[in-house]
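**Q**
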Amino acid sequence: MRKIWLIIKREYLTRVRKKTFIISTLLFPILYIALIFGMGYIAEKTRENLNVAVIDKSGYFSESLLAKQNGIDKSSHLTLVKENADSVKKDYKKSGYDGYIEIPAIDWEIAKTDTLLLWSFKSYGSGSTTPIEAKLNRIWTVIKNEKLGIDSSKSEILTYSQLNLRSINIKDRSANAKTAEGIGYAAGLLIYVILLIYGSQVMMGVMEEKTNRIAEVIVSSVKPFQMMLGKILGIGLVALTQFFIWIAFVLIVYNIGKFSAGGGGAANVMVGNMQKMFSNVDIPLILFCFGFYFLAGFFFYASLYGAIGSAVNEDMREAQSLSFPITMLVILSIALMTSTIANPTSPIAVWGSIIPFSSPIVMMARIPFGVPNTVPWWQLFLSMGMLIIGFIFTVWFAGKIYRTGILMYGKKPSWKEMLRWAFRKN
Amino acid sequence: MSTILELQNLKKYFATQKAVDDISLSVNKGSIFGLLGPNGAGKTTLIRMITGIFYPDSGQIFFDGKKFDPINDVGYIGYMPEERGLYKKMKIGEQTMYLAQLKGLSRTEALEKIKRWFIKFEMETWWNKKVEDLSKGMSQKLQFVTTVVHEPKLIILDEPFSGLDPVNSNLIKDEIFRLASNGSTILFSTHRMEQVEEICDHIVLVNKGKKILDGSVKQVKQDFKENLFSIGTTELPALNGSSPYETVGAKDHSFVVRIKDGKNPNDVLQFLLQNGTSVHSFNEILPSLNDIFIKLVEGTPTARQFQTIKAD
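From first to last, the protein sequence lines are chains F and S.
End of the first sequence sits at 426 in the working numbering; the numbers just go up one at a time, nothing left out.
End of the second sequence sits at 1312 in the working numbering; the numbers just go up one at a time, nothing left out.
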């Protein structure tokens, strides 16, 4: 046990002290903040207040209607042009406009009109055109109401009286499908990323020891199985560390946002949304399950990746071709997850969440939909039990391959040969 | 003298080769033991069984008088494989500490012993350097230190001098003698015969998985002598039917003669003196280990052939 501990310590410390680890751990939160604040900032920055000439051939638009809407929404300015339409069209720049819109002679009763065109020298993004479109539509609604003889109180009834539909679980009123989808998707995806990134780290680590020829020195001190297990546990701890740092970071941002009254608008809105979203979700259970499936899934796959690392030589292509079936299993799990989120109680979802190779990803996508209603307890326990049996098997199996492979140089073995190593006695 | 290591009928068969096929030997405590053999003879497989890396298919290993227990006994063994290996990106001090602790030393013990070795080999400034900064000879020295730092009872060195310049070679050689005189046993695998002759007390020659020679260096040389003598003189008397030797070769003022069966060196000298020959020198020519090695291994195919092995 002391020796495994030494190996874990070495694997952990050499990785955590690496510059790439520190950079990637810090970079993620920085990118995260940049994404939230940067997007709002960029949207604000790129929006232009346009002064647009409206050439009206339908005769419905009036200056007073435009003036009223211009007063409500100052992000753009519409000016009605009646007399000198041709000169404006020819040279709207000289008249002080950024562009012009020509409204054809349409009939107000016809349901659909052709798309109106905003003519200008520059192409404007939807950030600039959407407010103009909305403004035109508000004016158009006023015109229609007027024609139909609908006064403002009737118009309010038309606008605000609506039927909304939401799916509610009878047994579990708190379950919110939209939130569950989001959490399920995020959790499944995170586990997917961990399995691939840290799984291949295990593979590379084993390959490094083999090509450095340090493996033979180490196995003369410890058993190959201890060496492999120490590596998997050490790298697993690195992954956990990275996640704890990120979770801590999210909590700090969340709390800063919560307590800084009148702070950044975007952050406040985000925190508010997050609070609303998560108030209905069983966070402790999800976190516990995430931890479990993260670790168990990692053991399951990392040991297989380790076995492959031990079997190949320094050639990365050999490693890739041998690890392809394993990587396919992970990718298949993601495909299953997508259909699971669409329908979390379908047979594919249920079986996908119980069979060990896909359960870490698929079950994590189902759990946010609610335990025990969407996912009965027996399914959760069966899935966990199967995954534990599964990873004990893969670790044992990988240990057998590892023991032979780590000292074997020369030709890359086939999967068939590796199976023979595994099931040979001694 | 008690034995530190005893192998009894050790066998290890792989899918296509009898790597080790019924080898028995014993190694005395405090001796320097040479394990010789051509490439692919099964030396590495044999060593891997002694270091607990492989389990033998059959046969027994006794270490220090008891049945070999890989888990506990590996702490008393130091092994330097032929293919050297260290973590390239790890700092040298840390790496040596790690390897010493894996052998069972505590942190403080390891630190103290490593410091002592680093001073002895003038490596103090290396502590915070990485292995990739070292030259081949330097990393060889480091590898030797990591092998012996835990003061093993049995030190197994596979080609310890390859890649070392004469100065560092002598440094390691002196260290091997010192370790042996302090009671450690050295098992030394090589095919460089001149070193074996210089260093080893006892040798075993293996070929194609079998032991073909076992004895002290002196004894082996005696066993393989061909009754050759070198005589330093200007001219040898003419041979006749009663002369006790035949001439094998001549060079400048010395002649190589083979003594006939049933005769001894005294007969030769007597014969020479009777014939009035003035003898400057008279030496027995013993075969070198190199000659013995080539003689024994020659004729067998140098490369091992692949064959199908059925476990029995």
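No residue lacks a Cβ here, since even glycine has one placed at the ideal position from N, Cα and C.
1. Note down, in chain order, every chain S residue with its Cβ under 8 Å from the Cβ of Thr20 (chain F).
2. Between Val1297 (chain S) and the rest of its own chain, which residues show a CB-CB distance below 7 Å, the 5 nearest in sequence each way excluded?
3. Between Leu1046 (chain S) and Val1020 (chain S), is the Cβ-Cβ spacing less than 7 Å?
4. Check the Cβ-Cβ distances between Asp1312 (chain S) and every residue of chain F, and say whether any is below 7 Å.
5. Which stretch, first to last residue, makes up the alpha helix (DSSP H) that contains Phe1177 (chain S)?
6. If you follow the beta strand (DSSP E) that Leu1154 (chain S) is part of, which residue opens it and which one closes it?
7. Given a cut-off of 7 Å on the beta-carbon distance, is the pair Thr1096 (chain S) and Ile1114 (chain S) in contact?
8. Please list the partners that Val1074 (chain S) has in chain F, where partner means a Cβ-to-Cβ separation under 9 Å.
9. Short of 8 Å in beta carbon distance, which residues of its chain neighbour Thr79 (chain F), apart from the five on each side in sequence? Order them along the chain.
10. Buried or exposed for Trp396 (chain F), please, with buried defined as at least 16 other CB atoms from any protein chain shown within 10 angstroms of its CB.
11. Indicate whether at least one CB of chain S lies closer than 7 Å to the CB of Asn212 (chain F).
12. Residues in its own chain within less than 6 Å of Lys147 (chain F) by CB, not counting five upstream and five downstream?
13. How far does the alpha helix (DSSP H) with Trp1126 (chain S) in it extend, from its first residue to its last?
14. For Asp1064 (chain S), which residues in the same chain have their Cβ closer than 6 Å to its Cβ, ignoring the five residues on either side in sequence?
15. Have a look at the DSSP bridge pairing and note the partners of Ile1077 (chain S).
16. Pop quiz: Pro1070 (chain S) and Gly1059 (chain S) are said to be a contact at Cβ under 8 Å. What is the actual Cβ separation, rounded to whole angstroms?
17. In angstroms with no decimal places, state the Cα-to-Cα distance between Gly263 (chain F) and Asn255 (chain F).
18. With Phe290 (chain F) as the anchor, note down where its alpha helix (DSSP H) starts and where it stops.
19. Assuming Tyr293 (chain F) and Ile235 (chain F) are in contact, meaning their beta carbons sit under 8 Å apart, how far apart are those beta carbons, in whole angstroms?
20. I'd like to know whether the C-beta atoms of Tyr12 (chain F) and Leu237 (chain F) end up nearer to each other than 7 Å.
21. Could you please tell me which residues of the segment 1115-1142 of chain S, in chain order, have their CB closer than 7 Å to any CB of chain F?
22. Could you tell me the boundaries of the beta strand (DSSP E) in which Arg1258 (chain S) lies?
23. Is Val1149 (chain S) closer than 7 Å to Ala1100 (chain S) when the C-beta atoms are compared?
24. Quick check: the segment 339-350 of chain F against the segment 239-248 of chain F, are there 3 or more CB pairs under 8 Å?
25. May I ask you to list, following chain order, the residues of the segment 1091-1103 of chain S that have a beta carbon less than 8 Å from some beta carbon of chain F?
26. Extract the residue ranges of the alpha helix (DSSP H) inside the segment 210-263 of chain F, only unbroken runs of 4 or more that lie entirely within it.
27. Closer than 8 Å is the cut-off here; do at least three beta carbon pairs connect the segment 1125-1141 of chain S with the segment 1101-1113 of chain S?
28. Taking Glu1083 (chain S) as the query, report the chain F residues whose CB atoms sit under 8 Å from its CB, ordered along the chain.
29. For Lys3 (chain F), would you say it is in contact with chain S, using Cβ-to-Cβ distances shorter than 7 Å as the test?
30. Pick helix, strand or coil for Gln1017 (chain S), following the three-state DSSP scheme.
31. Using the C-alpha atoms, what's the distance from Lys210 (chain F) back to Met204 (chain F)?
32. Give me the chain F residues within the contact set of Lys1088 (chain S), using Cβ-Cβ distance strictly less than 7 Å, ordered along the chain.
33. Check distances from the C-beta atoms of the segment 1044-1055 of chain S to those of chain F and list, in chain order, the residues that come in under 8 Å.
34. Can a CB atom of chain F be found closer than 7 Å to the CB of Tyr1079 (chain S)?
35. Any heavy atom of the ligand MN within a distance shorter than 6 Å of the CB on Leu1273 (chain S)?
36. Pick helix, strand or coil for Tyr1087 (chain S), following the three-state DSSP scheme.
**A** According to the structure data:
1. Per Cβ cutoff of 8 Å: no residues; Thr20 (chain F) is ~12 Å from chain S at best.
2. Pro1038, Asn1207
3. yes
4. Low per-residue confidence applies at Asp1312 (chain S): pLDDT is 48, beneath 50, and the placement is therefore not dependable, though the value from the model is reported in the following sentence. False, the Cβ-Cβ gap to chain F never drops below 7 Å.
5. 1166-1181
6. 1154-1158
7. yes
8. Ser220, Ser221, Val222
9. Asn51, Val52, Ala53, Val54, Leu66, Tyr97
10. exposed
11. yes
12. Trp108
13. Careful: Trp1126 (chain S) lies outside any alpha helix (DSSP H) and carries neither H nor E.
14. Ile1004
15. S:Leu1154
16. Wrong, their Cβ atoms sit about 14 Å apart, outside the cutoff.
17. With a pLDDT of 45 at Gly263 (chain F), under the threshold of 50, the modelled position of this residue cannot be trusted, and the question is left open.
18. 283-311
19. With 8 Å as the limit, Tyr293 (chain F) and Ile235 (chain F) do not qualify as a contact, their Cβ atoms being about 17 Å apart.
20. yes
21. none
22. 1254-1259
23. yes
24. no
25. Tyr1098, Leu1099, Gln1101, Leu1102, Lys1103
26. 215-219, 224-259
27. no
28. Arg213, Glu216
29. yes
30. coil
31. 10 Å
32. Asn212
33. Arg1048, Thr1051, Gly1052, Ile1053, Tyr1055
34. yes
35. Because no ligand of any kind appears in the structure shown, any question about the ligand MN cannot be addressed here.
36. coil
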